[in-house]
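Chains as they are written, first to last, in my numbering: chain X, 1364 to 1647; chain Y, 1364 to 1647; chain F, 4 to 262; chain A, 48 to 356; chain D, -13 to 243.
A short worksheet on the structure shown next.
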Amino acid sequence: MSVRQAPSLPIPNRKSTMAQQPETRISATTPRLDVAHLAKTYGSGEKSHTVIEDLTFTVDAGEVVCIVGPSGVGKTTLLKCLAGLHPASSGRAAIDGRTISGPPPEMALVFQDYNRSLMPWLTVRKNLILPLRHLKLPAAELKERCDSALAAVGLSHAHNQYPWQLSGGMQQRVAIARALAYRPEILIMDEPFASVDAQTRFDLEDLCLKIRKDFNMTILVVTHDIDEAVYLADRVVVLGSRPARVLKVVDVDLPAPRDQITTRSLPEFARQRTEVLSLIKRPA
Amino acid sequence: MSVRQAPSLPIPNRKSTMAQQPETRISATTPRLDVAHLAKTYGSGEKSHTVIEDLTFTVDAGEVVCIVGPSGVGKTTLLKCLAGLHPASSGRAAIDGRTISGPPPEMALVFQDYNRSLMPWLTVRKNLILPLRHLKLPAAELKERCDSALAAVGLSHAHNQYPWQLSGGMQQRVAIARALAYRPEILIMDEPFASVDAQTRFDLEDLCLKIRKDFNMTILVVTHDIDEAVYLADRVVVLGSRPARVLKVVDVDLPAPRDQITTRSLPEFARQRTEVLSLIKRPA
Amino acid sequence: MRNPAIRNWVIGAGTPVLLLIIWWFLSADSTDPFFPPLETILVRFQELWLFEHFQSDVLLSLGNLFLGFAMAAVAGVALGFATALVPPVRWMIDPLIHFLRGIPPVALVPIFISLIGFGTQMRVTSIALAALFPTMIATVDGIRSVSNDLLDVAKVYRFSRKERVVNVLLPAAMPQIFSGLQVSLQVAFIVMIASEMLGSSQGIGAMTLLAQQSFMTADMWAGILLLGVIGFLVNVLFSLLKRKVLSWYIGSRRMARAA
Amino acid sequence: GGSGPAAAPAADGTTTLKVGTIGIGSDAGIRLAADKGYFKEQGLNVEISVIANPPAGIAAAQSGQIDLTYTPSIPLLNALSQNVPLKIIAAADGYKDGASEGTDLLRVDDTGLLVQQGSTINRPKDLEGKSVSVPARKAQLEVTVSKLVKDDGGDPAKVNWMVLDPSSALQSLNSGRVDAASLVAPFTSKAAAEGNRLLASPGVEFFEQGAIGLWVAGANTVKSKEKALQGFRAAIYKANAYANAHVDEAQQLSAEITKTDLDVVKSGAVNYWPEDVRIEDIERANKNLAELGFLSEPVKLPADVIFGK
Amino acid sequence: MKASIRPYAFSALGIAGALVIWQVLAVAKAAGNALPSATEVFATLATILGTGTFWSALGATLAIALLALAMAALAGVVLGLLIGSFESVRYATLAVLEFLKPVPPIVILPLAVLVLGPTAEMALFLVVFGCLLPIVMQTVDGVQGTDPVARDTARSYGMGQGEILARVVLPSAMPYIGTAMRVAAPAALVVTVVAGLLGGGPGLGQSIYQAQAAGDYASLYALVIVLGVLGLLFQGATRLAERRVLHWHESYREVVR
Ligand SMILES: Nc1ncnc2c1ncn2[C@@H]1O[C@H](COP(=O)(O)OP(=O)(O)OP(=O)(O)O)[C@@H](O)[C@H]1O
Ligand SMILES: Nc1ncnc2c1ncn2[C@@H]1O[C@H](COP(=O)(O)OP(=O)(O)OP(=O)(O)O)[C@@H](O)[C@H]1O
Ligand SMILES: [Mg+2]
Ligand SMILES: [Mg+2]
């Protein structure tokens, strides 16, 4: 049940996806993810409903960025635009300078409704394999990817169970494992730790930092938990309502190997979280 | 949507329930809630499954006690025993020295599955009234109770809506309002703020402290959020698994009028939370 | 009896047995021409169905039933997918389908008799056509109600069209397809009987109606008994299949309920 | 069920009788009785309803849902053999005495066995192994055609019987889906008009003479409405006599009842409405049924099976 | 605007196409004279609609179907609540109900005709038999499916058994009852027609039988068309009623968020 048994190197190699993409592609000046004047309106005509209006921020390669903001502000909507599921109404979202027009192959998304994003008719392992099918990987690599992803989230023992046989928190972790097994370069997660208990949450937060370090993955996380945002992020994007706009991008200056107990008791940590907190508490 | 519009005195009088119970009943030595060697086993024979084994702690009148512990340890089970929904397998739970054998009239319970505990076919107001019907209150008092309870959780405008027309956080607040309208002396809440956004969460936490102060209500809260537990509680009961047992009862010594920003930045706060955290992080 | 599980089992198995015993003794000396003794009915049941007419009538009826149902199942699912996935097809045949579905399936039998005649062909066609609609409509509903979240997952992980149909839409719609199939099976059974009663001299339905019309009440009761047993068994078989195919669905439902 | 509230005469002294018919040409008899006021003369108010087939009518009469029903003698004998308590009240249709000796049987028998003009079937024995349509199994036409086959030295068990309603039967005969069709008026004459050949007239050859179609009541009705049934019998026989005397008028009614062209009706058999039921005519059918194996043994007819005899 | 018209255009095309194919097949005598042409059928339909017998048959069909449906609904819900609430009753009836559930009323039609005759009572009996069990079973499922959290909530606020049954169990079984009624209403019509067609009971089924027996194919088709329309109306009406009663249920919620 616990994540602590995770092996030291959960995702030892990602050659198959990396090999296809030259390392030179990321220039120093182009941010990995670039959201510029993004707007999103649902519906049209009378019933239209503008959720996002003129949102701008960037995420650099290898960065962890957290997005916080009140419920219903449009965080999920933003992520869906980034994942190419919804077209932006105006402005643009781009990866390495390329405007996103459909699901980008180098990106994986962990959905907010984890329990509705897993296929209930497939076992955990098959859920992990499903998105990998069309990569035509050799069976050994398929197995290796599943095993290491499941080990990373501490679910090695559950690989033959069905998602609905697991607790909410475990399902959440399966959804994360599926994204890990896909070995994306950019990982986007929508409130990924909302329904796990405190201890598992800490472990998953640390896993998140670990994969960033090991693979230089770019990670974007939406969360309601300000402590979590400050603990995880290099930068926190604070959104205000409505329509959604960036209240402030807070740079988090906490020393690099973060630790649940020591980092969280630093006075600097308290200062940073108070800053984000007062942004949120302030009437929008 | 926000709680901030709550009137200063959400629950101005509670004479109808208080009148039935003499004030003298609480002696200085009998704790309000007394859990002694409580054990709970589900099922019988082969399939039996002991969730709680020998749990002991007390809650004094007017205290706020938080219970933290890993997922699945048996927190909900414990609350259901206290609420008289499940009989204890051995040991006992008592209110003012009376062993609990059925739902005690002076207690209200806010369920973890808030969305399943609201009746979807009733409007918010009717959901609030449902448990009050058999009290045979005059219509004016019924109305007054609903109005003040809804105002307290900042949902006055939503009284004619159906629960499913509200967001998760708002539903949670309806469930809390229902408990408030019942005017219990003891309020038990199971992860009550799990699905509300940070800002509303702060407001609800403060509401919780306010009703405790205004009505000397005894409050027991299960939460996954250690910061929340420390912020709210006079004492934090840390549970370890399995079967569930008390790892430690941490006394929280934070100054009385607590405030989201100042209290949370106190060094004492950091110390307390680190203490609970390390109890949780320590392999059980 | 103290153990509730055993007690429930005894009550569950005991009541039907008790009812049968009551029927047996109450009807034992019956001279009422319409309610012959259960013993007589069982004797006739054995004489009529177990040997004499087993092949000529029982197997014939069942064969028609399964053939018609199988055709309806395959065509229903295929048409359902075509309808749900190709909007112009849906717009074109939706009103027709809904109109045809409104017609009581048995009322179509006289029309088929006049068009195709009265042979096995007519019976199978009637069964297949009448049983087509429930499956087809359930398939369309099933596909349309596949959650957007799953479709989004398919998009994010860039499934091909075929992968989307085979690995997402079909399994996700399966529970509804199966409830459609179950209704289809019921309809097929009804139309099987009706087509025999209306236009044939063979089959269990025909034999039963004939027994009624020549006042052989014991034979009629035997026929009713056989039809009842077949209806029950066919349903049981189907439920077993369903339980196998949809174990994930049944499990998840049970889990959701227990939670 | 039972003999309901209609047992007592209404305030104006009339008794209501509910009668079921199957809507064939010979219903002209009862229609005349109603139209000419013969029922009213007897203090009766007769409500006619159409039932699907004789067995259903018998069931309804037995259970008291209706007072009287039309049935040919064969379903009646089937019912009597299963101890369904029934009484014959009056004759509804049948054959004149000596009808079977006539030459143009198509003119006396409203049932007919037809084959296509060029068919190789030339005598009843040829039906062995062929498909023959009947309106219902084990009912009048199957029984009567079986007797034809048997009398001709054939084995009725070798005939491939098909149950078809008359219009489908005619259509199937025309298209060759059945080799022979046993039909009743007006389909017999329709079939002949469409170029088919009459192979035999099974009805008259089986029954020879006397009443075939009968008005039958349940034993309970007989007990509770004896007076009314006497009146019914009197009115029917008066009407039957009138019909026999005014065939044109009766055929006009038949055409209306069966919704057929008058010409078709006129080209077919002339109905005969007997004015009596004789036990020997019933017994003859009874014996034939047993000989053909449709009954395991002849029914022991109760002495009072014919009302008032 | 354009996009919203297209579906209707296609629907119209579909209907027109079907009618044309029918007409061509009929005129070409593809199925002999058994297939009347569309024009002939609609002309006959117009004549039939002018006759009193049609309307009385229609009235009988509707009366039987609706009366039986109401009886089955009332009895079914009461029985279902009873069976669902008491475990021993549930076990006692389980085997019998499970056996009878997949047995369609047409199976006992011969018996019903034999005992009750070709009457409205017979039709009524068959329809009640056909509709009762699904309603009972669904109600039992509904009682069983009552969310334990909702029950516990009611209990924790000190509500009594009767109050819980009336205010929590019954409302939460309503969607199941609604589903049963949605299935039962068209089924009631079907069984009424079957009772007329095969059992000689009054109503449109009997009219169809008579049209078939008389070889009046145009009337046969016209009557079947009437039944199709009637079936649609039944489905529509139950859906509407269900939507009104169950507006709060997931499947009928008007999305607000
Ligand atoms: N498909 C849709 N069509 C129309 N409106 C939508 C759609 N999806 C979301 N919305 C609306 O957009 C707004 C933002 O929703 P979104 O889910 O992005 O919020 P969120 O910030 O993720 O909230 P939460 O923290 O509760 O998950 C809401 O008002 C919602 O009602
Ligand atoms: N009715 C029941 N019958 C049998 N076992 C149960 C029942 N309810 C809960 N359990 C089991 O008891 C254990 C404790 O469950 P409980 O819901 O009390 O945990 P919890 O601490 O509230 O967890 P969470 O933080 O996830 O809400 C679990 O292993 C669960 O599977
Ligand atoms: Mg969201
Ligand atoms: Mg819990």
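For glycine and all other residues, C-beta sits at the position ideal for the given N, C-alpha and C.
- With fewer than 16 other Cβ atoms inside 10 Å of its own Cβ, tryptophan 12/F counts as exposed.
- Spatial neighbours of threonine 1486/Y in its own chain (CB-CB distance under 8 Å, excluding positions within 5 residues in sequence) are listed in chain order as His1522, Asn1523, Gln1524 and Tyr1525.
- Contact check between the segment 1450 to 1462 of chain Y and the segment 1398 to 1413 of chain Y: three or more CB pairs, one atom from each, fall below 8 Å, which counts as touching.
- In this chain, the beta strand (DSSP E) harbouring histidine 1412/X covers 1412 to 1422.
- Proximity of the segment 164 to 176 of chain A to the segment 238 to 247 of chain A meets the contact definition, three or more beta-carbon pairs being nearer than 8 Å.
- With distances taken between CA atoms, tyrosine 143/D lies nearest to Pro1468/Y out of Pro1468/Y, Asp1614/Y, Ala1544/Y and Glu1568/Y.
- In terms of CA proximity to glycine 149/A, Ala247/A leads the group Ala247/A, Ala183/A and Asp114/A.
- Under the Cβ criterion of 9 Å, threonine 211/F is counted among the residues facing chain D.
- Those residues placing their Cβ nearer than 5 Å to any heavy atom of ligand 2 are, following chain order, Tyr1405/Y, Val1414/Y, Ser1434/Y, Gly1435/Y, Val1436/Y, Gly1437/Y, Lys1438/Y, Thr1439/Y and Thr1440/Y.
- Secondary-structure assignment with DSSP links tyrosine 1405/X through a beta bridge to His1412/X.
- The three-state reading of DSSP puts threonine 1625/Y in helix, counting H, G and I together.
- Contact note: proline 213/A reaches chain D through Ala199, Ala200 and Gly201, using a C-beta cutoff of 9 Å and chain order.
- Residue-level contact check: serine 1480/X touches chain F, since one or more beta carbons of chain F fall below 9 Å from its beta carbon.
- Close to chain A, meaning a Cβ-Cβ distance shorter than 8 Å, are the following residues of the segment 219 to 239 of chain F: Met219 and Thr220.
- Going by beta carbons, valine 1559/Y and alanine 1540/Y fall outside the 9 Å limit.
- Comparing alpha-carbon positions, the option among Ser198/F, Pro137/F, Gly66/F and Thr220/F lying closest to serine 182/F turns out to be Pro137/F.
- Taking 9 Å as the cut-off, the Cβ atoms of isoleucine 1463/Y and alanine 1456/Y count as close.
- In the three-state DSSP reduction, serine 1453/Y falls in the strand class (E or B).
- The continuous beta strand (DSSP E) containing leucine 1583/Y extends over residues 1581 to 1585.
- A distance of 9 Å or more separates the beta carbons of alanine 183/A and valine 206/A.
- A Cβ-Cβ contact shorter than 9 Å links alanine 29/D with alanine 204/D.
- For serine 110/A, the nearest beta carbon of chain D is closer than 9 Å to its own beta carbon.
- Restricted to the segment 53 to 95 of chain A, the alpha helix (DSSP H) segments that are unbroken, complete and at least 4 residues in length are 75 to 82 and 85 to 88, listed in chain order.
- Contact annotation for isoleucine 94/D against chain F: Ile227 [CB-CB distance below 7 Å, chain order].
- Between the segment 94 to 102 of chain A and the segment 17 to 29 of chain F there are fewer than three C-beta pairs closer than 8 Å, too few to call the two in contact.
- Beta bridge pairing from DSSP links glutamine 163/A with Asn243/A.
- Of all residues in the segment 156 to 173 of chain F, the ones placed with a Cβ closer than 8 Å to any Cβ belonging to chain X are Val156, Lys158, Val159, Tyr160, Arg161, Phe162, Ser163, Glu166, Asn170 and Val171, in chain order.
- Distance from the Cα of lysine 1611/X is smallest, within the candidate group Arg1598/X, Leu1567/X and Leu1518/X, for Arg1598/X.
- Contact annotation: valine 1585/X and lysine 1443/X have beta-carbon atoms that are not nearer than 9 Å.
- Looking at the backbone, the Cα of phenylalanine 1565/X and that of leucine 1583/X are separated by about 17 Å.
- By the C-beta criterion, the segment 113 to 121 of chain D is judged to be in contact with the segment 48 to 62 of chain D, since at least 3 inter-stretch pairs fall below 8 Å.
- Sequence-ordered contacts of the segment 63 to 84 of chain A with chain D are nonexistent [C-beta pairs closer than 7 Å].
- Within the same chain, and ignoring the five residues on either side of glycine 265/A in sequence, the residues whose Cβ sits closer than 7 Å to its Cβ are Ala108, Gln109, Gly111, Pro132 and Leu133.
- Proximity of glutamate 236/D to chain F, defined by a Cβ-Cβ separation below 9 Å, is not satisfied.
- Residue pairing by DSSP puts methionine 1470/Y in a beta bridge opposite Ile1549/Y.
- Given a length threshold of 4 residues, each whole run of the alpha helix (DSSP H) inside the segment 1519 to 1565 of chain X is given here in chain order: 1531 to 1544.
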